[in-house]
Structure formats: structure tokens, C-alpha cells
Amino acid sequence: MAKIKKIVVERNLCIGAASCVLSADTVFELDAENKAIIKLKGGVKSADPAEKNTLEDEAVSDDTLLTAAQSCPTRAIFLYDEDGTQVYP
Amino acid sequence: MEKVKYLIVGGGVAGTTAAETIRQLDPAGSCTIISDEPYRLYSRVMLSKPNFFLEKIPFDQIWLKQEDWYAKNNITLMAGRKATTLDTAAKTVTLDDGTNIAYDKLLLATGASIRNWEVTGAEKQNVFYLHGLDDAKQIIAKVKSAKRAVIVGGGFIGFEMCDMLRLAGIEVTLILRKPHFWDPVLDQHSGALIEAALERSGVKILRNSLVKEVVGNVAAQGVILHNDIMLPCDMIIVGIGTYCPFEWIKNAGIQVNRGILANEYLATSAPDVWVAGDSAEFNDLILGEQIQLGNWANAQMQGKIAARAMCGEKTEFRLVSFYVTSGFGITIAFAGNVRPAEGGVHITRDSADGNSLSRIIIKSGKIIGATMINNTKELAVIAKLIEKSANMENDKDKLSDPLFDLKTLL
Numbered sequence: 040m041a042k043i044k045k046i047v048v049e050r051n052l053c054i055g056a057a058s059c060v061l062s063a064d065t066v067f068e069l070d071a072e073n074k075a076i077i078k079l080k081g082g083v084k085s086a087d088p089a090e091k092n093t094l095e096d097e098a099v100s101d102d103t104l105l106t107a108a109q110s111c112p113t114r115a116i117f118l119y120d121e122d123g124t125q126v127y128p
Numbered sequence: 010m011e012k013v014k015y016l017i018v019g020g021g022v023a024g025t026t027a028a029e030t031i032r033q034l035d036p037a038g039s040c041t042i043i044s045d046e047p048y049r050l051y052s053r054v055m056l057s058k059p060n061f062f063l064e065k066i067p068f069d070q071i072w073l074k075q076e077d078w079y080a081k082n083n084i085t086l087m088a089g090r091k092a093t094t095l096d097t098a099a100k101t102v103t104l105d106d107g108t109n110i111a112y113d114k115l116l117l118a119t120g121a122s123i124r125n126w127e128v129t130g131a132e133k134q135n136v137f138y139l140h141g142l143d144d145a146k147q148i149i150a151k152v153k154s155a156k157r158a159v160i161v162g163g164g165f166i167g168f169e170m171c172d173m174l175r176l177a178g179i180e181v182t183l184i185l186r187k188p189h190f191w192d193p194v195l196d197q198h199s200g201a202l203i204e205a206a207l208e209r210s211g212v213k214i215l216r217n218s219l220v221k222e223v224v225g226n227v228a229a230q231g232v233i234l235h236n237d238i239m240l241p242c243d244m245i246i247v248g249i250g251t252y253c254p255f256e257w258i259k260n261a262g263i264q265v266n267r268g269i270l271a272n273e274y275l276a277t278s279a280p281d282v283w284v285a286g287d288s289a290e291f292n293d294l295i296l297g298e299q300i301q302l303g304n305w306a307n308a309q310m311q312g313k314i315a316a317r318a319m320c321g322e323k324t325e326f327r328l329v330s331f332y333v334t335s336g337f338g339i340t341i342a343f344a345g346n347v348r349p350a351e352g353g354v355h356i357t358r359d360s361a362d363g364n365s366l367s368r369i370i371i372k373s374g375k376i377i378g379a380t381m382i383n384n385t386k387e388l389a390v391i392a393k394l395i396e397k398s399a400n401m402e403n404d405k406d407k408l409s410d411p412l413f414d415l416k417t418l419l
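Residue numbers (my numbering), protein chains in the order written: chain A, 40 to 128; chain B, 10 to 419.
(1) Check the C-beta distance from B:Leu185 over to B:Cys171 and give it rounded, since I have them as a contact under 8 Å.
(2) On the CB-based measure, 16 or more other CB atoms within 10 Å of its CB, does B:Tyr252 come out buried or exposed?
(3) Name the one or two DSSP bridge partners that B:Met87 has.
(4) Run through chain A and tell me which residues come within less than 8 Å of B:Thr380, C-beta to C-beta.
(5) Residue range of the beta strand (DSSP E) that B:Asn292 falls in?
(6) On a Cα-Cα basis, can you pick out the residue from B:Tyr274, B:Ser288 and B:Val284 that is closest to B:Leu294?
(7) For B:Thr26, which residues does DSSP report across the bridge?
(8) Could you work out which residue in B:Ala318, B:Ile371, B:Ile382 and B:Ile160 is closest to B:Thr340 when comparing CA atoms only?
(9) Between A:Leu105, A:Pro128, A:Ile77 and A:Lys74, which has its C-alpha nearest B:Trp72's C-alpha?
(10) Distance, Cα to Cα, B:Ser373 vs B:Gly352?
(11) If B:Asp45 sits next to B:Arg90, beta carbons under 8 Å apart, how far is it from one beta carbon to the other, in whole angstroms?
(12) Could one say the Cβ of B:Lys416 lies closer than 7 Å to chain A's Cβ atoms, at least one of them?
(13) What does DSSP give as the partner residue(s) for B:Asn109 in the beta ladder?
(14) Pull up the DSSP beta-bridge partners for B:Glu222, would you.
(15) How about B:Thr385 and B:Val333: are their beta carbons less than 7 Å apart?
(16) Consult DSSP for B:Met244 and reduce its assignment to one of helix, strand or coil.
(17) I'd like the span of the alpha helix (DSSP H) that includes A:Arg50, first residue to last.
(18) So what does DSSP say about A:Gly82, is it helix, strand or coil?
(19) Whose Cβ in chain B lies nearer than 7 Å to the Cβ of A:Asp64?
(20) Please state whether the Cβ-Cβ distance between B:Ile371 and B:Val354 is less than 7 Å.
(21) Do we get a CB-CB distance below 7 Å when we pair A:Ser58 with the residues of chain B?
(22) If distances are taken between C-alpha atoms only, which option among A:Leu79, A:Asn92 and A:Gln125 comes closest to A:Leu105?
(23) Compute the distance between the beta-carbons of B:Ala316 and B:Thr30, then report whether it is under 7 Å.
(24) Express the C-alpha separation of B:Val224 and B:Asn135 in angstroms, rounding to a whole number.
(25) Relative to the C-alpha of B:His140, which candidate in B:Asn83, B:Met55 and B:Pro67 has its C-alpha closest?
(26) Quick one: list the residues of chain B neighbouring A:Ile46, beta-carbon separation under 8 Å, in chain order.
(27) Nearest CA to the CA of B:Thr103: which residue from B:Leu16, B:Lys151 and B:Glu290?
(28) Just to check my reading of the structure: B:Ala271 and B:Phe291 have Cβ atoms closer than 8 Å, yes? What is that Cβ distance to the nearest angstrom?
(29) Quick one: give me the first and last residue of the alpha helix (DSSP H) that B:Ser199 is part of.
(30) What is the C-beta distance between A:Leu52 and A:Thr113, in whole angstroms, given that I count them as a contact (C-beta under 8 Å)?
(31) Quick check: the Cα distance between B:Asp192 and B:Arg216, rounded to an integer number of angstroms?
(32) For a contact meaning CB atoms closer than 8 Å, what does B:Val333 contact in chain A?
(33) What separation, rounded to the nearest whole angstrom, lies between the Cα atoms of B:Ile356 and B:Lys405?
(34) Output needed for B:Ser122: all residues of its chain with C-beta closer than 8 Å, excluding positions within five of it in sequence on either side, in chain order.
(35) Mind listing the chain A neighbours of B:Val54? Cutoff is C-beta to C-beta under 8 Å, in chain order.
(36) Assign B:Met10 to one of three DSSP states: helix, strand, or coil.
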């Protein structure tokens, strides 16, 4: 699998089932609207697309990110590689 | 007779994830999935979500695999077929059309079935259950013309269906057999928070109530309650729980209880037969007991672990699973075991404003589960505390203090 560079949570699709939190709780959490957000360095929480090297847990494995994306029951998590190619879904 | 190396009964998330994992570990071994629904893998979680029903999410978002995914991965999907007989000595499964399939390794990922509503007239049209995609399609069609709905049952399905129907502008009456919502999984206070949100949005709740009869000619036109009051309606949605239909598995001599019994590797009592997902009653090493869970993440992870074992990579299943739903501006989250058989002590973390509430369940000094209303921020840390299995006997006072930061216990 190509290396993951960017993570995007499609907010309109997210239903807050929290399976991404279960698979990768160092990367995702639910916000006050029960939607998944991404944990960035310096304690920042973001609903925007995030580059992997800006993550609080930038050492998270690609396998963990993929598992989290695959666990989403609405396929709301999109992963892109270094060429900008969509890795999942 | 056809013979396959890996036979999987059940095409849901547990079975399909297992097939995917098998393919990663054994690129060449033949693999067949038997599914009693005529569809490829779809999101059963999305089925009950208002945005899906109200067609705000495109219908095709329901599919979790492309149509050609199976062929591309050399996985055979036998959709719309039901397994009826298992012979663990001959290692064969017989389908409803008489086809016999021999296997080397078998996975039972059969899931749970919807509990039938045993009420006179329940077979009438416009009485709906929500289990599969076909049920959802029927409800989506009916919602377009319905004016008044009755929901039976206070659980996830009841909650989500109330939300969907109110958003669709339909008049809703929710009928609870118990004194409060989700009794006894939730306490009165948690139930009251949910009920208040439902009522604010216009849902009428009838507590301690039973339906005696569904009336109408061919289609339901109303229900008669235990107190003989007649409630007119043009649709009824029933969500009163699930059970595991496993007569054929039991007949094969496999040990069952409420679910199909399995050890921590998800192996059943029969050689070369594993179980994953809602139908598994497995030895949970973290909770220290046999438990059956009905949630998406659990099913997916069990599919992975069982597949590894089928490929000779025996791995212990260890996961604190949780599930969250939201609607009417509130969230409900469950983590770990929220229905301890006996001996569970509940510790309540009640916020000062009374709008959020966590209940932590302790058994033999350890946290085994929690229910959270409007408190998903505590979900990840509570799951970690469950996983840690630390003795909390001396920390009970801290746990009950909503201002105490649970992270300091990690």
C-alpha cells in the first residue's frame, strides 16, 4: 500500500458511530456535534483535512489509519497517498 | 461435491472482513461467502440513520464493497442462499437449495435476527422491522406518505426511528413496556434525559404500556393498548431486540448458550469451526467472562481475528468495543459490557447542570463497562480504563466526581 499522507473526514457522511475512535484513538475523537475530528499537534482539534505529519500522533501506522477508515460504517474517512491518490475507500 | 478451503456463512461485516483478511494471508486458498441476503456487503449501521432514510446521504453510500470486489479478490459470494445443515464430522454445509459444500475451515458469522413481535395482527402490512436492506427500503417508501407512526421498543432502533420520523414530519408515539427508556440497561435518570429530548421534539411517550392488538384490514390502521385505548396510525416500527437463530448449528453438536460459544481465539467447540460477530458468545479476556456483543466494530475485529486463526495465525481477541448514536441533540454511548449478568455496581458521574451523565459499571473492583449520555468525551478514556483492568475499589469516590479527570487513573 502507498504511504498515507492526508486524512479527510467527510463531515456530512460522519454519523459519529465512533469506530474510528475505537481503532485509532490517538488520531480521532468525537466533537460536541458527535462528529469525528482529527487530533493535531499542540492539542489542536480539526475538522479539516490533515496531513499525517501534522498529527499529534504522527508516528501512527498506516495500517492503523487504514483500519480506522475501513471500520467507518459510512465510509466517511478518506485517505490519500503522497501523490494525492485516494488510497481508501 | 464442491470443496472450498475457507467457507464463511454470513456476508455481513464479520464475514466479509474475514474473507478480506484470509485473502491477505492466503492469496490462493479458495474462499466462499454464503449470505442469506441478496446483496453484497452494506452498512447495517447506516440502515437506521435518519440521513439515510431521508435520502440526505446518497443511497449508494450504503455499499461498502464495489460490485466487482469479490471477483477481483477471488472470493465467491453466494448471495440469497441460506445454510441449513452442518456436519462437523464430514465437514460439509448444506444450503437451502440442497447444495452441499465441503470445507477445510468454517466461519460462522451468522449475526442476529430480529425478535418477532408476538401480537395479534402483527403480520399486517405497514408493520415494519429494521434488520436488513429490504426492510429499510420498505420504510423509506412508507415514510413518504405516512402521517402517524407508532414505535414499539425503547432501544437504539426505537431512538433512531423516532428521530427519523420526526425529521420527516410524522406524528410519533413511542410505546415502552418498561417505566423508562432502555430499562434496565439505563437507569431512570439516563432514561429521563433521553425521554426529555424525545418529548421536546414532539414524540409522545407511553410508559409501562403494551400493545394488545394491531387493527386494520390488510394494512395496520392502529393499535389497541393494554388499557383498551385505541391509537390510530398508518405505520408501526418494532424494535424489541434480537436473538440468534442457530438451530442448525446446535443440531451439529456445537455448544451454544445465548450465542455460539467460543474461546478467546473465537474457536467453537467443533474442530475447524470459528465464530465471529453478533452471534459469538466468546471468552472476553479483558472482561474475564463469556460475553456476546452486538456492535459493528466488534464484528469487524472478530472477523479479522477469526480469519487469522483459520489461516493458522492464532491470535487472542482483545477489544473493548463501544458504540455511539445521536439524535435530538443528544448522544448515547455504550462501552464494554453494559449488561452484567450479576454483581455489577453502577457509579454515576452526574454533571452539575444535569444535562450529561456517565454511569460506570464496576464488577469485582474493575471497570467492565459504561453508559454515557451527552458524554462521549469520556468514551476513549473509559474504554482504556476497562482495558487496563485496574482495581478501582479505592477510587470509587473519584469516579463519581464529574470534575475528577479520569485520565489521571490511566
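The beta carbon of each residue, even a glycine, is placed where N, CA and C say it ideally should be.
On the basis of the coordinates in this document:
(1) In the second sequence, the residue the question calls residue 185 of chain B occupies position 176. In the second sequence, the residue the question calls residue 171 of chain B occupies position 162. With 8 Å as the limit, B:Leu185 and B:Cys171 do not qualify as a contact, their Cβ atoms being about 11 Å apart.
(2) Translated into the one-based positions of the second sequence, residue 252 of chain B becomes position 243. Exposed, since its Cβ has fewer than 16 Cβ neighbours within 10 Å.
(3) Translated into the one-based positions of the second sequence, residue 87 of chain B becomes position 78. Paired residue(s): B:Ile43.
(4) For the purposes of this step, residue 380 of chain B is identified with residue 371 of the second sequence, where counting begins at 1. Neighbours of B:Thr380 on chain A: none; closest Cβ ~14 Å, over 8 Å.
(5) Locating residue 292 of chain B in the second sequence gives position 283, counting from the first residue. Unbroken beta strand (DSSP E) run through B:Asn292: Ala289 to Asp293.
(6) Position 285 of the second sequence, counted from the first residue, corresponds to residue 294 of chain B. Among B:Tyr274, B:Ser288 and B:Val284, the Cα nearest to that of B:Leu294 belongs to B:Tyr274.
(7) Your numbering for residue 26 of chain B matches position 17 in the second sequence. BP columns for B:Thr26 are empty, so no partner.
(8) Position 331 of the second sequence holds residue 340 of chain B. Among B:Ala318, B:Ile371, B:Ile382 and B:Ile160, the Cα nearest to that of B:Thr340 belongs to B:Ile382.
(9) The count along the second sequence starts at 1 and reaches residue 72 of chain B at position 63. Nearest C-alpha to B:Trp72: A:Pro128.
(10) Indexing the second sequence from 1 puts residue 373 of chain B at position 364. Indexing the second sequence from 1 puts residue 352 of chain B at position 343. Their backbone Cα atoms lie some 8 Å apart in a straight line.
(11) Indexing the second sequence from 1 puts residue 45 of chain B at position 36. Indexing the second sequence from 1 puts residue 90 of chain B at position 81. B:Asp45 to B:Arg90, Cβ: 7 Å. Contact.
(12) Within the second sequence, residue 416 of chain B is the residue found at index 407, counting from 1. Not one chain A Cβ lies under 7 Å of B:Lys416.
(13) To locate residue 109 of chain B, count along the second sequence from 1; it is residue 100. Partner(s): B:Thr103.
(14) For the purposes of this step, residue 222 of chain B is identified with residue 213 of the second sequence, where counting begins at 1. B:Glu222 is bridged to B:Thr129 and B:Ile233.
(15) For this step, residue 385 of chain B is matched to residue 376 along the second sequence. For this step, residue 333 of chain B is matched to residue 324 along the second sequence. Contact: yes.
(16) Numbered from its first residue, the second sequence carries residue 244 of chain B at position 235. Strand.
(17) On the first sequence, residue 50 of chain A is found 11 positions in, with the first residue counted as 1. Careful: A:Arg50 lies outside any alpha helix (DSSP H) and carries neither H nor E.
(18) Position 43 of the first sequence, counted from the start, is the residue given in the question as residue 82 of chain A. Looking at A:Gly82 - three-state DSSP - the assignment turns out to be helix.
(19) Residue numbering aside, residue 64 of chain A sits at position 25 when the first sequence is read from its first letter. In chain order: Ala389.
(20) Here residue 371 of chain B is taken as the residue at index 362 of the second sequence, counted from 1. Here residue 354 of chain B is taken as the residue at index 345 of the second sequence, counted from 1. In contact: B:Ile371 and B:Val354 (Cβ atoms closer than 7 Å).
(21) Walking along the first sequence from the start, residue 58 of chain A turns up at place 19. So, interface residue.
(22) Within the first sequence, residue 105 of chain A is the residue found at index 66, counting from 1. Per the Cα distances, A:Gln125.
(23) For the purposes of this step, residue 316 of chain B is taken as residue 307 along the second sequence, with counting starting at 1. For the purposes of this step, residue 30 of chain B is taken as residue 21 along the second sequence, with counting starting at 1. Yes, the pair counts as a contact, with Cβ atoms nearer than the cut-off.
(24) Here residue 135 of chain B refers to the residue found at position 126 of the second sequence. Here residue 224 of chain B refers to the residue found at position 215 of the second sequence. For B:Asn135 and B:Val224, the distance between alpha carbons rounds to 11 Å.
(25) What you label residue 140 of chain B is simply residue 131 of the second sequence in a count that begins at 1. Of B:Asn83, B:Met55 and B:Pro67, the residue nearest in Cα terms is B:Met55.
(26) Within the first sequence, the letter at position 7 stands for residue 46 of chain A. None at all; the shortest Cβ gap to chain B is about 18 Å.
(27) Taking the second sequence and counting its residues from 1, the one referred to as residue 103 of chain B is at position 94. Answer by Cα proximity: B:Leu16.
(28) As a position in the second sequence, residue 271 of chain B is number 262, starting the count at 1. As a position in the second sequence, residue 291 of chain B is number 282, starting the count at 1. At roughly 4 Å, the Cβ-Cβ gap stays under 8 Å, so B:Ala271 and B:Phe291 are in contact.
(29) On the second sequence, position 190 is the one that residue 199 of chain B refers to. Per DSSP, B:Ser199 belongs to the alpha helix (DSSP H) from Gln197 to Arg209.
(30) What you label residue 52 of chain A is simply residue 13 of the first sequence in a count that begins at 1. What you label residue 113 of chain A is simply residue 74 of the first sequence in a count that begins at 1. Between A:Thr113 and A:Leu52 the Cβ distance is about 5 Å, and since that is below 8 Å, they are a contact.
(31) Looking up residue 192 of chain B in the second sequence gives position 183. Looking up residue 216 of chain B in the second sequence gives position 207. One C-alpha to the other measures close to 11 Å.
(32) Locating residue 333 of chain B in the second sequence gives position 324, counting from the first residue. The contacting residues are Gly55, Ala56, Ala57, Leu69 and Asn73.
(33) Here residue 356 of chain B corresponds to residue number 347 of the second sequence, with the count starting at 1. Here residue 405 of chain B corresponds to residue number 396 of the second sequence, with the count starting at 1. Roughly 7 Å between the two C-alpha positions.
(34) In the second sequence, residue 122 of chain B corresponds to position 113, counting from 1. So the list reads His140, Thr251, Tyr252, Cys253 and Pro254, once near-sequence residues are dropped.
(35) Numbered from its first residue, the second sequence carries residue 54 of chain B at position 45. Those are Ile54, Ala56, Pro112 and Thr113, listed as they occur along chain A.
(36) Counting from one through the second sequence, the residue named residue 10 of chain B turns up at place 1. The answer is coil: DSSP assigns B:Met10 none of H, G, I, E or B.
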